[in-house]
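Its first residue numbered 41, the sequence shown is counted upward by one per residue in the numbering used here. Step one of this worksheet: look at the structure below.
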Amino acid sequence: MGEPETLQLSEINYVHWRGRRLLYFAGCDYFRLAQHPAVLKAATDGLKKYGLNVAASRLTTGNNPVYAALEKELARFFNVEAATLLASGYQTSSAVAQALAGDFTHALADARAHPALLDAARHLGCPLQTFKHRDVADFRRAVAACGPTAKIILLTDGMFSHDGSVAPLKAYLKILPRTGLLLVDDAHGAGILGKTGQGTPELAGLPRQRTIQCITLSKAFGTYGGAVLGSHKLREKIFTHARLFVGNTPLPPPLAAAALQSVKILAKQPGLRTRLHKNLAHIKSVLQQAGFEISDAPGPIIPLHGLSVDEIASLRQRLFKAGIYPSFLKYPGGAAEGYFRFVISSAHTRAHLDLLASVLMEFKAAQN
41 MGEPETLQLS EINYVHWRGR RLLYFAGCDY FRLAQHPAVL KAATDGLKKY GLNVAASRLT
101 TGNNPVYAAL EKELARFFNV EAATLLASGY QTSSAVAQAL AGDFTHALAD ARAHPALLDA
161 ARHLGCPLQT FKHRDVADFR RAVAACGPTA KIILLTDGMF SHDGSVAPLK AYLKILPRTG
221 LLLVDDAHGA GILGKTGQGT PELAGLPRQR TIQCITLSKA FGTYGGAVLG SHKLREKIFT
281 HARLFVGNTP LPPPLAAAAL QSVKILAKQP GLRTRLHKNL AHIKSVLQQA GFEISDAPGP
341 IIPLHGLSVD EIASLRQRLF KAGIYPSFLK YPGGAAEGYF RFVISSAHTR AHLDLLASVL
401 MEFKAAQN
């Protein structure tokens, strides 16, 4: 895979590419909080107040008060006992695995689990097996194969970024033995899904006692860093046993200050989620009526798979002509031929959505 060309975000919904200003349906800044004036001000104020870097781990001299403030706000937003901040979302599941190493006899992972979860599994100290993607029956088979005395940890994305679908978490938890634990990488679901934006555990109605939720602050919250959401006991284990926490410099304080502001915005403005899901429902309805096979997945992502090389080139050209950046992905571990993935945001207007829909419908008509 070659290095992609550079892109420069120019406005909330636009990018500059080769001198052109193009409408943007990509990235995962679902509420465009990365460009929110209050979030940018919080980062600037945090830079002036705290400096750029604490230059030490939190267990030595780097425990800036902004980290505790952000953890407290995250715990309140997600209604959990404790939130533990990590320097990036990718690190969260590995920090959990390091903290819980030796506690499980088997690890089971969705076949399309994010690489962060597969990396985390290496720290658990037990064998890893995969089961078919979002397949409850195959998960049941995998659990049975572990034996009656197995202590199992399940690793899965909450919302899958390739198509916006969600894992059947409630069904998994019913099948897991009582000693089992569910580790959910909810990078894309956190802030987006559930009645109050708490993510896929809230959407599924899961009890928190057997669920660990890992989130990133670089998607819905528009900033950076990650957090583990769980119990006080888990937090203590991370502080004691997780090398990624113990020996790591935390995220820069200005970014933590920006994230703190982002969490407050999403807590106080539920209308952002309402607008996002209205936008998604609108464009899905238009495309479904036009004959596209668009799923009812709750995530704000619309993928187009299975196009030929000529069809890919044709759609790319049509999108450019309409002034839309063609968000075509060739992601490691994904489909070799690549696919288009259009990400909907709360900031897209009806005109933006209808323009994208019209290009896709004209493309479809030309193929028939």
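All C-beta atoms, glycine included, are put in the ideal place defined by N, C-alpha and C.
Item checked: A406 versus V349 - alpha carbon distance -> Stepping through the sequence shown from its first residue, residue 406 is reached at position 366. Stepping through the sequence shown from its first residue, residue 349 is reached at position 309. Here the alpha carbons of V349 and A406 stand approximately 15 Å from one another.
Check: Just checking, does the stretch 344-360 make contact with the stretch 237-253 on the three C-beta pairs under 8 Å criterion?
Finding: Verdict: no, contact absent.
Notebook entry, point to check: Is the stretch 310-324 touching the stretch 83-95, taking contact as three or more C-beta pairs under 8 Å?
Noted result: The stretch 310-324 is not in contact with the stretch 83-95.
Check: Should L92 be labelled buried (16 or more other beta-carbon atoms within 10 Å of its own) or exposed?
Finding: Walking along the sequence shown from the start, residue 92 turns up at place 52. It is exposed - the Cβ of L92 has fewer than 16 other Cβ atoms within 10 Å.
Note to self: Please classify H272 as buried or exposed, where buried requires at least 16 other C-beta atoms within 10 Å of its C-beta.
What the structure shows: Within the sequence shown, the letter at position 232 stands for residue 272. Classification of H272: exposed, given that the 10 Å Cβ count is below 16.
Item checked: Of the residues L347, A115 and G102, the one placed nearest K304, counting alpha carbons only -> Residue mapping note: residue 304 aligns to position 264 of the sequence shown, counting from 1. Nearest Cα to K304 within the set L347, A115 and G102: A115.
Note to self: Assuming contact is defined by CB atoms lying nearer than 9 Å, are G198 and F118 in contact in what I supplied?
What the structure shows: As a first step, residue 198 must be located in the sequence shown, where it is residue number 158. As a first step, residue 118 must be located in the sequence shown, where it is residue number 78. No. Outside cutoff.
Check: Does the stretch 383-397 come close enough to the stretch 209-224 that 3 or more CB-CB pairs lie under 8 Å?
Finding: No, the stretch 209-224 is not in contact with the stretch 383-397.
Check: Among the residues of its own chain, which have a CB less than 6 Å from the CB of A190, if the five just before and after it don't count?
Finding: Numbered from its first residue, the sequence shown carries residue 190 at position 150. Excluding sequence neighbours, A190 sits near T145 and H146.
Checklist line | Cβ-based burial, T46 [other Cβ within 10 Å; buried from 16] | finding: Along the sequence shown, read from residue 1 onward, the residue named residue 46 stands at position 6. Under this definition T46 is an exposed residue.
Item checked: Candidates R152, L274 and I192: closest to A207 by CA position -> Within the sequence shown, the letter at position 167 stands for residue 207. Taking A207 as reference, the option from R152, L274 and I192 with the minimal CA-CA separation is R152.
Notebook entry, point to check: Got a sec, what are the start and stop residues for the beta strand (DSSP E) I193 sits in?
Noted result: Translated into positions along the sequence shown, residue 193 becomes position 153. Element bounds for I193: I192 to D197.
Margin query: With H, G and I counted as helix, E and B as strand and the rest as coil, what does DSSP make of Q131?
Written below: Residue mapping note: residue 131 aligns to position 91 of the sequence shown, counting from 1. It is helical.
Notebook entry, point to check: Is the CB-CB distance between L347 and E377 below 9 Å?
Noted result: Here residue 347 corresponds to residue number 307 of the sequence shown, with the count starting at 1. Here residue 377 corresponds to residue number 337 of the sequence shown, with the count starting at 1. It is a contact, given that the beta carbons lie within the stated cut-off.
Next item on the list: Confirm, please, whether the CB-CB distance from Q138 to R283 is below 9 Å.
Entry: For this step, residue 283 is matched to residue 243 along the sequence shown. For this step, residue 138 is matched to residue 98 along the sequence shown. Yes, Cβ-Cβ distance for R283 and Q138 is below 9 Å.
Notebook entry, point to check: How many Å lie between T280 and V286 at the Cα?
Noted result: Here residue 280 is taken as the residue at index 240 of the sequence shown, counted from 1. Here residue 286 is taken as the residue at index 246 of the sequence shown, counted from 1. Looking at the two C-alpha atoms, the distance is approximately 7 Å.
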